[in-house]
Amino acid sequence: MAMQAGLEERYFITALARGLEVLGCFRVADKGLSNQQIAERCGLPKSTITRITYTLTRLGYLAQDANHKYVLGTATLRLGSTMLQGLDIRELARPMMQALADSTGTTVAIAVRDRLSMIYVDVCRSTAALSLSLQVGARLQLAASAIGRAYLAKASAAERQEILSRSRELDDTVYDSMRQGVARALHDEADFGCATSFGEWQQDINGIAVSFMPISGGQRMSINCGGPSSSISQEYLLDEVRPRLIAIARRLES
């Protein structure tokens with residue numbers, strides 16, 4: 010095992026990994042990040058970050074705004090577009106997602122895991138006056154969202170352990186939250202066959218989610234359904250929406 014680990018480390022390119030960490034630290038709500046802010050998020054020296062951001066800017070993966078802060082460049086858009094086009098499952102899922110959203114007055118989305126988050130890759134909304142405003146590319150925490158806990162419930166024991174190890178590397182608070190999230194995920198799966206979030210992710214939002222392995226193979230995904238608690242109650246989601254959401258997930262697997 011030690012020899013195998015040593016061989017794997019020989020192929021690990023630290024500089025490349027750091028560059029990808031820099032790109033991965035940007036969030037949807039960011040208006041622009043300075044080298045210092047990026048250094049704090051990545052846990053690297055500012056001098057190292059300065060060289061990385063310079064290189065990524067030269068290559069088009071970063072750009073500087075009017076305040077000389079960094080934003081994601083057009084080269085990352087090209088990568089993202091290529092990845093989304095490769096998710097054939099979206100074409101199969103979208104008609105079913107839209108039909109469920111329209112008939113239940115909810116927002117339906119599918120997401121994939123990225124480290125300790127889930128990233129939306131498709132969203133369908135109903136015509137209801139009140140609907141969730143999350144967009145493709147939005148991130149939700151694994152442990153703190155129904156769509157994340159649905160993933161945790163169906164992930165392999167080895168993958169759950171890898172996720173817990175990642176969270177432990179950050180700090181004890183993140184690790185404890187993830188450990189509780191895994192326990193909650195398994196409990197909900199046993200009780201309901203889905204993950205639930207009733208006023209937890211956001212106080213006025215209810216939602217449920219199911220994980221599935223796409224028929225086309227590749228990466229495990231999750232699909233959720235939810236809306237404002239003022240119009241989408243816990244009982245409605247569990248009694249009316251849950252069987253249909255589970256059926257969609259099974260169709261996307263089989």
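The numbers in this note's numbering rise by one with no breaks, and the one at position 61 of the sequence shown is 70.
Idealized CB from N, CA, C, for every residue including glycine.
Please read these numbers as outputs of a predicted model, since none were measured by experiment.
With DSSP collapsed to three states, give me the class of residue i.
| i | result |
| --- | --- |
| THR136 | coil |
| GLN150 | strand |
| MET10 | Low confidence applies here, because MET10 scores a pLDDT of 47, under 50, leaving its location unreliable; read the following figure in that light. MET10: coil per DSSP, three-state reduction. |
| ASP123 | strand |
| VAL145 | coil |
| SER239 | coil |
| SER43 | coil |
| LEU81 | strand |
| ALA72 | strand |
| VAL31 | helix |
| GLY157 | helix |
| PRO54 | coil |
| VAL37 | coil |
| SER174 | helix |
| SER186 | helix |
Assign residue i to one of two classes, buried (16 or more other C-beta atoms within 10 Å of its C-beta) or exposed (fewer than that).
| i | result |
| --- | --- |
| ASN44 | buried |
| SER142 | exposed |
| PHE21 | exposed |
| THR136 | exposed |
| PRO54 | exposed |
| GLY33 | exposed |
| SER206 | buried |
| ARG259 | exposed |
| THR83 | exposed |
| ASP197 | buried |
| THR62 | buried |
| VAL37 | exposed |
| ASP165 | Per the sequence shown, residue 165 should be read as Ser rather than Asp. The residue in question, SER165, is exposed, as its Cβ has fewer than 16 Cβ neighbours within 10 Å. |
| LEU261 | buried |
At least one CB of chain C closer than 8 Å to the CB of residue i: is that the case?
| i | result |
| --- | --- |
| ILE217 | Here chain C cannot be found, since the structure has a single protein chain. |
Closer than 6 Å by C-beta to residue i: which residues in its own chain qualify, once you throw out the five before and the five after it? Chain order, please.
| i | result |
| --- | --- |
| ILE257 | MET105 |
| PHE35 | LEU81 |
| ALA118 | TYR129, VAL132 and ASN233 |
If I measure Cβ to Cβ from residue i and keep anything under 8 Å in the same chain, skipping five residues before and after, which residues do I get?
| i | result |
| --- | --- |
| GLY202 | VAL219, ARG251 and ILE255 |
| ASP39 | VAL80 |
| ARG169 | LEU161 and VAL191 |
Throw me the rounded Cβ distance for the residue i and residue j pair, which I believe falls under 8 Å.
| i | j | result |
| --- | --- | --- |
| LEU246 | SER176 | Not a contact, Cβ separation roughly 28 Å. |
| ASN215 | GLN243 | 6 Å |
| VAL121 | VAL132 | 13 Å between Cβ atoms; not a contact. |
| MET187 | LEU149 | Not confirmed; about 14 Å, so no contact. |
Which one or two residues does DSSP pair with residue i in a beta bridge?
| i | result |
| --- | --- |
| ASP131 | ILE119 |
| THR205 | ILE217 |
| ILE232 | ILE119 and VAL219 |
Excluding the 5 residues preceding and the 5 following residue i in the sequence, name in chain order all residues of the same chain whose CB lies nearer than 7 Å to its CB.
| i | result |
| --- | --- |
| VAL145 | TYR129, VAL130, ASP131 and VAL132 |
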